[in-house]
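K.L.:
Position in the sequence shown (from 1) plus 3 gives the number in the numbering used here.
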Amino acid sequence: MAKELISRGFKVAITKHDPGDKAKFDYPGKDSYIYSSIGADVAVVSPNRTSIFLKSGLFGGSDRINSQLHKDKNEKFEPNLDNFGSELEILAAYFGEFDYLLIEGLKSLKLPRITIFRDEVIDDFIPFSDAFATNIAEFSADGDKFGLDDIDDIIKWIDKNAKRV
Numbered sequence: 004m005a006k007e008l009i010s011r012g013f014k015v016a017i018t019k020h021d022p023g024d025k026a027k028f029d030y031p032g033k034d035s036y037i038y039s040s041i042g043a044d045v046a047v048v049s050p051n052r053t054s055i056f057l058k059s060g061l062f063g064g065s066d067r068i069n070s071q072l073h074k075d076k077n078e079k080f081e082p083n084l085d086n087f088g089s090e091l092e093i094l095a096a097y098f099g100e101f102d103y104l105l106i107e108g109l110k111s112l113k114l115p116r117i118t119i120f121r122d123e124v125i126d127d128f129i130p131f132s133d134a135f136a137t138n139i140a141e142f143s144a145d146g147d148k149f150g151l152d153d154i155d156d157i158i159k160w161i162d163k164n165a166k167r168v
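Quick look at the structure:
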């Protein structure tokens with residue numbers, strides 16, 4: 004999903020949850036490495052540490068204002084931490100301006116959620132899900148359903164249902 008959005012000219016940031024606090028960050032083959040290598044800014048959050056991999060610096064400059072929305076408006080990015088009420092919003096401020104923030108995990112957050120099932124359904128995730136992308140033909144649960152390759156329809160669902168920050 005992130006690779007497709009980036010190829011369409013959008014700036015994508017990704018937050019990945021590591022609840023067991025055991026991840027190795029930015030190693031070849033690991034999700035953080037894969038996400039970073041396709042051009043996304045990445046944060047990996049766990050109970051005891053947070054690692055952020057940015058493609059640009061933190062202290063201003065035109066490279067911090069590279070979301071499509073702000074390019075079109077020619078706006079200057081100025082983070083306003085007074086308006087941020089949650090840890091996720093504070094984390095999002097480190098990414099600067101972005102078009103999409105994809106969150107992997109953190110299922111307890113009250114956000115619209117697409118769950119991906121590849122070859123196997125994990126029943127524990129179903130109650131937290133609003134939509135599903137899967138390659139399993141005999142799958143039934145409440146919510147919108149997409150094939151794993153239905154990228155355009157998944158992006159439309161995200162655009163329609165995503166929380167705006």
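In this text, a Cβ means the ideal position worked out from N, Cα and C, and glycines have one as well.
Rounded to whole angstroms, what is the Cα-Cα separation between K33 and K163?
P.N.:
K33 and K163: Cα-Cα distance of roughly 30 Å.
K.L.:
How many angstroms separate the CA atom of Y97 from the CA atom of V15?
P.N.:
Looking at the two C-alpha atoms, the distance is approximately 13 Å.
K.L.:
Quick one: give me the first and last residue of the beta strand (DSSP E) that Y38 is part of.
P.N.:
Y38 -> not in any beta strand (DSSP E); alpha helix (DSSP H) instead, spanning D34 to S40.
K.L.:
Alpha carbon to alpha carbon, how far is T18 from N51? Give it in angstroms, no decimals.
P.N.:
Straight-line Cα distance between these residues: approximately 15 Å.
K.L.:
In the DSSP output, what is K148 paired with across the bridge?
P.N.:
Note: K148 sits in a beta bridge opposite F135.
K.L.:
Straight-line CA distance for T137 to L57?
P.N.:
Approximately 30 Å between the Cα atoms of the pair.
K.L.:
For T53, which residues from the same chain have a beta carbon less than 8 Å from its beta carbon, with the 5 sequence-adjacent residues on both sides left out?
P.N.:
Within the same chain, T53 has close Cβ partners A46, V47 and L94.
K.L.:
When you compare only the Cα positions, how much space is there between D44 and L114?
P.N.:
Going by the C-alpha atoms only, they are around 20 Å apart.
K.L.:
Are there 16 or more other CB atoms within 10 angstroms of the CB of Y38, so buried, or fewer, so exposed?
P.N.:
It is buried - the Cβ of Y38 has at least 16 other Cβ atoms within 10 Å.
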